[in-house]
Structures are given as C-alpha cells and as structure tokens.
Amino acid sequence: MKVLGIILFLLTAWLVWIIGKPRNIKLIDQEYESRLERVMPDNVVDGNWVTTYTSFEPMFNQMLKDIDSAKHHVHVQFFKFEADATGQRLGDALVSKSGQGVETRLIYDDFCSRSWKWFYNHLGEQGVQTAPFGKINYPFIKPRDYYRNHRKVVVVDGRVAYVGGMNIADRYGQGLSWGCWRDTMIRIEGPAAAALQHSFLADWCYSTGQLIDSKAFFPVVPHVGDYPIQIITSGPIGSGPDIMHYTVDLLNRSTKYVYFESPYFLPPVEVMEAMCNAASRGVDVRLLQPLRGDRGEVTQYASMYNYAHAMSAGVKIGTYQAGFLHSKTIVSDDREAVVTSCNIDPRSYLLCQEVAAIVQHPDYAKEMKAIFLADERQSLYIDPQLWSRRPLANKFKESMSHIIAPLL
C-alpha cells in the first residue's frame, strides 16, 4: 500500500507539472516574425467574401475544386487528417498538384495524428511536404508536449482560405450511427486570406525551422466583397489566450444577445463570469450543446457540472437532438460573428493552438444568427427547475468529472 501511495503521489505531481499554468513559448523568432510582417500586404481586413458551410460534403467538394485550380501553392493544416476514404481523396488531390509543380504543404498534430504517420510519410514520398507540429519525444513528456495544435486552416494561392471546426475524416460527412455530424466551416475569398497564410507559415516555421517569406505567398488580392474579417490566433506557443480574451470582451460589450455553439462547456472562470454577468444584466445569452458527446460520458458530465451555475444567472442552455454538434461559433447583437476552431474549455483556451475568424458586418451576423436559430429548432432547452432535481448519482458523476476537466 505504501508503494502504491508513493506511485500515486508521483503520478499526481507529474500531472500537475504537465497541465499546470501554461508557459508561453515563442512560436517563431522576432526577426522571423518581422520578416513575415514585411511581406504581408497592407490592410488584410476589408473587402472579403465569406461562404458558410454547415455540412461537410459541400465544403469538401469546393475545397477540392479550389485545390485543383491552384497555380502556386496549397497549404493544409488539420488537427485530425485521417487516412480513410475522405483523407485519401484530399491526399490524392495534394499529390496531384505536387506532380504539377505546385508547392503543397501539410501540417498535422504529432500527438493526435500519430496513428496515421504512415499516411503522411506516403504523401511525403509523393512530393507533398509534411511536418508534424509539436513532435513528442517519448517517454520524456514535458509540459510543452501537452500544447497541441487544434487549428484547421487551408490556404490556396494566398487568395482563398478555409477556417473553422471541421477536420478531415469520413464521419464529418457520413455522421455517426446515432445522428448527423453538425459543424461549421467558412471559405474566405479576399485579402484576409493573407492573415491565415501568416498563421500557417508561422506554424510551419516552428515545426520545420524553415521560414517562408517570399512575396509570392502574399499576393495583393483585390476586394471581392464587403466583409471586414479579423483573424485571431491564440495558444501557449505564441501570443497566449487571445481568443479567450476576445470572448470575454465580446460578452462585456454585448447589449442584446450572444449566441454560442460549442461541443464542450468547460469554461475557465473568466469566461463563465463574463457569460453570467452578461445574462444578469439582461443580455440574452444562449448556448447550444450536443445531447450526446463524442468523448464518452466523462466529458459530457464535466460539461453538465457547469450548467446549474450558468442557468442560475440566466444563461439558456439547449441540447441539440439531431446528432453531434461540433460547431464552434458565436454571434452577437446583429453586429459580429465568430467562426473558430476553439471550444469552450481550458484545453482550447489555454493549452491548444487555435484560430478564429471574426466577421464584423450586420449582414453576416444575421446569417449566422439564422443558422443558430435553425439549430435551435432541433434542440431542447433545459428547464432549470427540472435540472435541479436530477438524480444525486448524476451530480456525483458531474463533480468527479469536473475534477479531471483540465485533462479532457
């Protein structure tokens, strides 16, 4: 028993060290950052057009068309890029363009994608340049190994870009045995593609040591629409929790409503307080969650732990009934909308590399509001009174799951 106690103590100490307060690490050297900034075109915010996809197949088909039309380069980055039929289609598209002399690059997360390294090696042998982000050197796992890259970014010729919550795997299009896979991805056409290009190339430099700062990757793109778009990146390897800070600021600025969609609800204290404060002052704060999760019961119960506190302040929480809701979006006050890779949990806000596109235009905000309301019609809101009378066993599971929430 004494030996077991020592082992448990050492394991606990190791976990605390691993998942403790994030230590900010430079993504790239300041000199490299300055060189990237020098080749960025002026004003990459205004003059964009956005196409929103709430189903995978239409998005994926358009992405393949964009890749097929590429003349100079294709840059692809996904948290999960699986070697199933969907992954093979994208892999074949990249290999084809590489064979035509187009520069193709792929970044994958080393830990999450460890099962498919043979696939990435195969792509590399066919001419696609591949790089793992955050390579883990087993068995000596350190705190920075817990910092994963959760971004989903595609850039074609510096003119068209994709960002959002969708990864590359069959289930994103086919759904799960118990329902659809509901997600959100946007296609950006216009100058803002340069900001996502910057994000990709900074991650590429961190992963490979290779700085790519040719102006050919940052063409001057004419205005094609009226949408101003701000791209925010965040993560412990880089700028810190900027997306969390933006979310708190948005809640503090809101006057009418803020609608969230997120597959997980494990908010850090700052976000929970901002949501509750907004609801308490009369802002209509709503959150849609999946009825059933994809990470097992523990993550679901950890999310449920936070429901009572949020609802007591007036936050309305609905459960999506048609399948798994993986969408990560925010819309506020018919003024601005956010499509992001970032979940509402400490891992995304504090421990992962994330990216968000903020569209500040009333027309787009209304479009995203309409999408939220359509999802809402397939959801049921939780009655706070009934929730307070849920079984004691459920409350116990929620409390136990909450303890290990930072690991989820």
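Residue numbers are given in numbering that gives the first Met the number 0: position 143 of the sequence shown equals residue 142, and the series is strictly consecutive.
Glycine included, every Cβ here is placed at the ideal spot set by N, Cα and C.
query	result
Whole angstroms are fine: how far does the CA of I230 sit from the CA of E269?	22 Å
Taking the alpha-carbon of F77 as reference, which of V162, F216, K255, Y319 has the nearest alpha-carbon?	V162
DSSP on A160, reduced to helix/strand/coil?	strand
Could you please give the first and the last residue of the uninterrupted alpha helix (DSSP H) stretch that includes R394?	Note that residue 394 corresponds to Lys in the displayed sequence, not to Arg. Per DSSP, K394 belongs to the alpha helix (DSSP H) from 391 to 402.
For the alpha helix (DSSP H) that contains R170, what are its first and last residues?	169 to 173
Straight-line CA distance for E296 to A307?	18 Å
Apart from the five residues just before and just after L122, which ones in its own chain have a Cβ nearer than 7 Å to its Cβ?	G90, L93, V94, L105, T129
Going by C-alpha to C-alpha distance, which of K315, D333, G98 sits closest to F264?	K315
Quick one: any contact between the segment 197 to 215 and the segment 30 to 45, if contact means 3 or more CB pairs under 8 Å?	yes
Give the list of continuous alpha helix (DSSP H) stretches no shorter than 4 residues that lie fully inside the segment 180 to 235.	192 to 207
List the residues that DSSP assigns as beta-bridge partners of Y258.	R285, V330
Would DSSP call P131 helix, strand or coil?	strand
Tell me Y380's beta-bridge partners as DSSP assigns them.	G317
Give me the DSSP bridge partner(s) of F77.	Y107
Would you list the residues sitting across from C275 in a DSSP beta bridge?	Answer is none; C275 lacks a bridge partner.
Locate the beta strand (DSSP E) running through I357, then write down its first and last residues.	351 to 358
Helix, strand or coil: how does DSSP classify L93 here?	helix
Go ahead and pull the three-state DSSP assignment for F139.	Its pLDDT being 46, under 50, F139 is placed unreliably in this model, and the coordinates cannot settle the point.
Name, in chain order, the residues that DSSP records as bridge partners for E335.	S331
Is the segment 333 to 340 touching the segment 348 to 361 in the sense that three or more CB pairs, one from each, lie closer than 8 Å?	yes
Between which two residues does the beta strand (DSSP E) carrying T298 extend?	Not the beta strand (DSSP E): T298 falls in the alpha helix (DSSP H), residues 296 to 303.
Which residue from A194, Y363, L349 puts its Cα closest to that of T328?	Y363
Just the Cα atoms here: how many angstroms apart are S398 and A309?	16 Å
Do V73 and E102 have their beta-carbon atoms positioned less than 9 Å apart in this structure?	yes
To the nearest angstrom, how far is the alpha carbon of R291 from that of L250?	27 Å
For Q99 and V43, what's the separation of their Cα atoms in angstroms?	29 Å
Between P289 and F323, is the Cβ-Cβ spacing less than 9 Å?	yes
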